[in-house]
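**Student:** Just so you know, the protein sequences line up as chains E and D, in that order.
In terms of the working numbering, the first sequence opens at residue 2 and continues consecutively.
In terms of the working numbering, the second sequence opens at residue 11 and continues consecutively.
C-beta: ideal position from N, C-alpha, C; glycine also.
As the structure is a computational prediction, the values presented were derived from the model and not from experiment.
Pasting in a structure now, in structure tokens, and then I'll have a few things to ask.
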Amino acid sequence: GNSVTQMEGPVTLSEEAFLTINCTYTATGYPSLFWYVQYPGEGLQLLLKATKADDKGSNKGFEATYRKETTSFHLEKGSVQVSDSAVYFCALKDNAGNMLTFGGGTRLMVKP
Amino acid sequence: DAGVIQSPRHEVTEMGQEVTLRCKPISGHDYLFWYRQTMMRGLELLIYFNNNVPIDDSGMPEDRFSAKMPNASFSTLKIQPSEPRDSAVYFCASSTASVLYYNEQFFGPGTRLTVL
């Protein structure tokens with residue numbers, strides 16, 4: 002079956018530091034890949050997506066590139082802000098249906 | 011559009027009581043998902059519907075849990091009887107099939123359930 006593995010948190014960074022959150026997946030075929038973000042007390046929001054190999058999703062300064070050869074979709078941001086403190090979820094959707102498979106989430110804490 | 015609406019936002023109940031969580035999906039969306047989030051187990055898909063029909067309920071933990079979608083604009087998740095281990099945040103999400111490859115799921119704000 003499908004699975005998503007994320008690095009465990011929490012990840013604690015100082016403001017303006019570089020961020021990487023690793024995500025690898027197992028799936029058959031060519032899944033679509035997503036990063037969702039959950040701010041405290043809220044539901045999940047789509048942050049970015051990529052639908053085919055070598056696609057780069059980007060939004061709000063965050064980027065992730067769909068690497069089929071390494072089955073990875075790592076999230077990066079060049080300079081984090083305190084407002085980026087949240088839980089980040091990597092997810093995939095295969096072609097067979099409409100279900101998302103989520104990773105366990107990674108909590109990011111950014112200190113001023 | 012107001013987004014996915016869930017009620018109540020917080021629910022505190024005693025063990026053995028019936029709990030009903032409610033969800034109104036985004037108008038026009040034909041998929042509806044119920045998730046449960048806990049520290050121990052993370053985010054779990056409980057059940058999802060397509061055009062009001064349950065498609066996959068393999069994530070429903072046990073017979074105490076049931077979900078219905080009587081029409082396109084309303085769904086309920088019921089727990090009867092509730093137990094302390096049901097304490098969690100329950101999310102509803104909706105999406106729509108499209109000609110594109112992916113279908114973004116839009117999440118509601120969640121219902122935080124505490125069973126004493």
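1) If we cut at 9 Å on Cβ distances, does residue 26(D) have a partner in chain E?
2) When you compare only the Cα positions, how much space is there between residue 81(E) and residue 12(E)?
3) Taking residue 19(E) as the query, report the chain D residues whose CB atoms sit under 8 Å from its CB, ordered along the chain.
4) Which residues in the same chain have their Cβ closer than 6 Å to the Cβ of residue 20(D), if we skip the five residues on either side of it in sequence?
5) Between the alpha carbons of residue 110(E) and residue 14(E), how many angstroms are there, rounded?
6) With distances taken between CB atoms, is the gap from residue 93(E) to residue 26(E) smaller than 9 Å?
7) Thinking C-beta only, is residue 77(D) closer than 9 Å to residue 55(D)?
8) For residue 23(E) and residue 34(E), what's the separation of their Cα atoms in angstroms?
9) In this structure, what does DSSP give as the bridge partners for residue 14(D)?
10) Mind checking if residue 60(D) is an interface residue toward chain E, Cβ cutoff 9 Å exclusive?
11) Should residue 100(D) be labelled buried (16 or more other beta-carbon atoms within 10 Å of its own) or exposed?
12) Cβ of residue 26(E) less than 9 Å from any chain D Cβ?
13) Taking a Cβ distance cut-off of 7 Å, strictly less, list which residues of the segment 21-53 of chain D are near chain E, in chain order.
14) Beta carbon of residue 25(E): closer than 8 Å to some heavy atom of the ligand GDP?
15) Is any beta-carbon of chain D found at less than 9 Å from that of residue 67(E)?
16) Going straight from the alpha carbon of residue 47(E) to that of residue 37(E), what length do you get?
17) For residue 47(E), would you say it is in contact with chain D, using Cβ-to-Cβ distances shorter than 9 Å as the test?
**Tutor:** So, from the listed chains and residues:
1) no
2) 12 Å
3) By Cβ distance, chain D contributes nothing, its closest Cβ being about 26 Å from residue 19(E), past 8 Å.
4) 122
5) 6 Å
6) yes
7) no
8) 13 Å
9) Partner(s): none; residue 14(D) has no beta bridge.
10) yes
11) buried
12) no
13) 41, 52, 53
14) Only the bare structure without any ligand can be found here, which leaves the ligand GDP out of the picture.
15) no
16) 4 Å
17) yes
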